[in-house]
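With positions in the sequence shown counted from 1, the corresponding number in the numbering used here is that position plus 392. For glycine and all other residues, C-beta sits at the position ideal for the given N, C-alpha and C. The next block holds one structure in the form of structure tokens; read it before the comments.
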Amino acid sequence: MGNWLVNYSQLIPFGITEQHVHFIIGFLGVIICYYLLYPIIKLLMLLNWNRVLTYFIGSFLLLITFGTLKLRDIVNGREEEPFVNLANVALGIVFFGGTLIVYHIAHTIVIQIKSHSSKST
């Protein structure tokens, strides 16, 4: 975080360092994300959308892993344009999600056609 969000020099007399501010931002960020995502995850579980839930969790873990590796490369000075690669990974995840949606829709249509044709005979 830069000085545009928090003026660290004003917090030093209170014994609050930059690390404390980052800890608080991370802690509050997780709490906010938890309470924003909880109803969505609960809805997905009630609707029994296991594929969507698996897709979200898998995508999240892949982005975290790949992002961590890219940050390591930045720190070591081995990567010049790391976010281009991270964007390509995100694009691959979105493409897989689109493919998963098309597959699920096609599978549902085939099941509907088979059940309709078996009822009419």
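Could you have a look at E472 and say whether DSSP puts it in helix, strand or coil?
coil
- Since I believe R443 is in contact with L492 (beta carbons under 8 Å), could you give me their beta-carbon distance rounded to a whole number of angstroms? 7 Å
inquiry  = What does the alpha-carbon distance come out to for the pair F448 and Q402?
reply    = 40 Å
Which class does V398 belong to by DSSP, given the choice of helix, strand or coil?
-> coil
Exercise. Is K462 near F475, with beta carbons less than 9 Å apart?
Worked result: yes
| query | If you follow the alpha helix (DSSP H) that G407 is part of, which residue opens it and which one closes it? | reply | Where G407 is concerned, there is no enclosing alpha helix (DSSP H), given that its DSSP letter is neither H nor E.
Local conformation of L436 per DSSP, three classes: Helix at L436.
**Prompt:** Is the CB-CB distance between I456 and L445 below 9 Å?
**Reply:** no
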